[in-house]
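Read through the structure below, which is laid out as C-alpha coordinates, and then see the notes.
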Amino acid sequence: MNEPSQSQRPRDILQFAEEREKLNETLFKYAGLTVKRFFGLDHQVYKDGALPAKIKELLGLTASIVLRCDDCIDYHLIRCHQEGVSDAELEEALSIALIVGGSVTIPHLRKAFKAWDDLKKRSVKV
38 MNEPSQSQRP RDILQFAEER EKLNETLFKY AGLTVKRFFG LDHQVYKDGA LPAKIKELLG
98 LTASIVLRCD DCIDYHLIRC HQEGVSDAEL EEALSIALIV GGSVTIPHLR KAFKAWDDLK
158 KRSVKV
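FYI, in our numbering the residues of the sequence shown are 38 to 163.
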(Lines of atoms letter the chains of each structure in order from A; the text may use other names.)
(Lines give C-alpha, C1' and ligand atoms only; values in the text may rest on other atoms or scores of the structure.)
Protein backbone atom coordinates (compact mmCIF):
# COMPACT_ATOMS: atom_id res chain seq x y z
CA MET A 38 0.00 0.00 0.00
CA ASN A 39 1.37 3.41 -0.96
CA GLU A 40 1.88 6.01 1.73
CA PRO A 41 -0.43 9.01 1.25
CA SER A 42 1.11 12.16 -0.18
CA GLN A 43 1.61 15.20 2.05
CA SER A 44 -1.58 16.82 0.73
CA GLN A 45 -3.60 13.67 1.55
CA ARG A 46 -2.26 13.32 5.09
CA PRO A 47 -4.19 15.07 7.85
CA ARG A 48 -2.09 17.80 9.39
CA ASP A 49 -2.29 19.67 12.63
CA ILE A 50 -3.81 23.10 12.09
CA LEU A 51 -1.66 24.70 14.79
CA GLN A 52 1.49 23.33 13.17
CA PHE A 53 0.23 24.86 9.92
CA ALA A 54 -0.12 28.26 11.62
CA GLU A 55 3.46 28.11 12.95
CA GLU A 56 4.84 26.94 9.61
CA ARG A 57 2.92 29.63 7.73
CA GLU A 58 4.36 32.34 9.98
CA LYS A 59 7.93 31.13 9.38
CA LEU A 60 7.38 30.82 5.64
CA ASN A 61 5.91 34.32 5.48
CA GLU A 62 9.04 35.67 7.21
CA THR A 63 11.15 34.11 4.47
CA LEU A 64 8.79 35.31 1.75
CA PHE A 65 8.93 38.91 2.99
CA LYS A 66 12.71 38.78 3.13
CA TYR A 67 12.64 38.50 -0.67
CA ALA A 68 9.30 40.12 -1.51
CA GLY A 69 9.18 43.07 -3.83
CA LEU A 70 6.65 45.86 -3.93
CA THR A 71 4.07 43.84 -5.90
CA VAL A 72 3.96 41.02 -3.35
CA LYS A 73 3.85 43.46 -0.43
CA ARG A 74 1.01 45.42 -2.02
CA PHE A 75 -0.93 42.22 -2.69
CA PHE A 76 -0.59 41.16 0.95
CA GLY A 77 -1.64 44.65 2.04
CA LEU A 78 -4.73 44.51 -0.14
CA ASP A 79 -5.56 41.03 1.16
CA HIS A 80 -5.28 42.33 4.74
CA GLN A 81 -7.51 45.34 4.03
CA VAL A 82 -10.27 43.47 2.20
CA TYR A 83 -11.00 41.16 5.16
CA LYS A 84 -11.50 44.03 7.66
CA ASP A 85 -14.96 45.03 8.88
CA GLY A 86 -16.82 47.08 6.30
CA ALA A 87 -20.31 46.81 4.83
CA LEU A 88 -19.80 43.11 5.58
CA PRO A 89 -18.40 42.16 8.99
CA ALA A 90 -15.00 40.45 9.08
CA LYS A 91 -16.67 37.21 10.23
CA ILE A 92 -18.77 37.01 7.06
CA LYS A 93 -15.77 37.89 4.90
CA GLU A 94 -13.77 35.04 6.46
CA LEU A 95 -16.64 32.63 5.77
CA LEU A 96 -16.63 33.83 2.15
CA GLY A 97 -12.88 33.29 1.98
CA LEU A 98 -13.29 29.81 3.44
CA THR A 99 -16.04 28.94 0.97
CA ALA A 100 -13.92 30.08 -1.98
CA SER A 101 -10.93 28.15 -0.60
CA ILE A 102 -12.97 24.93 -0.39
CA VAL A 103 -14.21 25.38 -3.96
CA LEU A 104 -10.64 26.08 -5.15
CA ARG A 105 -9.37 23.14 -3.04
CA CYS A 106 -6.49 25.11 -1.51
CA ASP A 107 -5.54 23.31 1.73
CA ASP A 108 -3.39 26.15 3.08
CA CYS A 109 -6.13 28.66 2.31
CA ILE A 110 -8.75 26.47 3.99
CA ASP A 111 -6.67 26.15 7.16
CA TYR A 112 -5.92 29.88 7.24
CA HIS A 113 -9.57 30.85 6.88
CA LEU A 114 -10.65 28.23 9.45
CA ILE A 115 -8.27 29.82 11.95
CA ARG A 116 -9.60 33.28 11.10
CA CYS A 117 -13.21 32.06 11.35
CA HIS A 118 -12.41 30.65 14.79
CA GLN A 119 -10.83 33.97 15.82
CA GLU A 120 -13.90 35.85 14.54
CA GLY A 121 -16.26 33.70 16.63
CA VAL A 122 -17.96 31.76 13.85
CA SER A 123 -20.44 29.23 15.25
CA ASP A 124 -20.70 25.59 14.22
CA ALA A 125 -24.01 26.34 12.49
CA GLU A 126 -22.51 29.25 10.52
CA LEU A 127 -19.56 27.10 9.47
CA GLU A 128 -21.83 24.25 8.39
CA GLU A 129 -23.97 26.57 6.25
CA ALA A 130 -20.94 28.15 4.58
CA LEU A 131 -19.41 24.75 3.84
CA SER A 132 -22.75 23.53 2.46
CA ILE A 133 -22.61 26.39 -0.04
CA ALA A 134 -19.04 25.37 -0.92
CA LEU A 135 -20.27 21.83 -1.58
CA ILE A 136 -23.09 23.04 -3.83
CA VAL A 137 -20.78 25.36 -5.78
CA GLY A 138 -17.78 23.03 -5.91
CA GLY A 139 -19.52 19.68 -6.18
CA SER A 140 -18.58 16.30 -4.78
CA VAL A 141 -14.88 16.84 -5.50
CA THR A 142 -14.83 19.17 -2.46
CA ILE A 143 -15.94 16.45 -0.02
CA PRO A 144 -12.39 15.41 1.00
CA HIS A 145 -11.68 19.06 1.80
CA LEU A 146 -14.89 19.31 3.82
CA ARG A 147 -13.81 16.31 5.87
CA LYS A 148 -10.43 17.88 6.60
CA ALA A 149 -12.03 21.25 7.35
CA PHE A 150 -14.43 19.83 9.93
CA LYS A 151 -11.59 17.82 11.52
CA ALA A 152 -9.46 20.97 11.75
CA TRP A 153 -12.43 22.89 13.18
CA ASP A 154 -12.85 20.21 15.84
CA ASP A 155 -9.14 20.50 16.67
CA LEU A 156 -9.38 24.28 17.02
CA LYS A 157 -12.42 24.01 19.30
CA LYS A 158 -10.93 21.26 21.48
CA ARG A 159 -7.85 23.31 22.16
CA SER A 160 -9.80 26.51 22.72
CA VAL A 161 -6.84 28.26 21.16
CA LYS A 162 -7.10 31.61 19.43
CA VAL A 163 -4.12 31.21 17.07
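We put the CB at the ideal spot given by N, CA and C, even for glycine.
No experiment lies behind these values; they were computed from the predicted model shown.
- Rounded to the nearest whole angstrom, the C-alpha separation of Gly-97 and Asp-154 is 19 Å.
- Rounded to whole angstroms, the separation of the alpha carbons of Glu-55 and Leu-135 is 29 Å.
- Contact between Val-103 and Gly-77 does not hold, since the beta-carbon distance rounds to 25 Å and is not under 8 Å.
- Under a 10 Å Cβ-count criterion, Leu-64 is classified as exposed, with fewer than 16 other Cβ atoms of the shown protein chains found around its own Cβ.
- Taking C-beta atoms as the reference points, Ala-130 and Leu-88 fail to come closer than 7 Å.
- If you draw a 10 Å sphere on the C-beta of Arg-116, you find 16 or more other C-beta atoms in it, and that means buried.
- Relative to Leu-127, the option among Lys-158, Asp-108, Ile-92 and Arg-105 whose CA is nearest is Ile-92.
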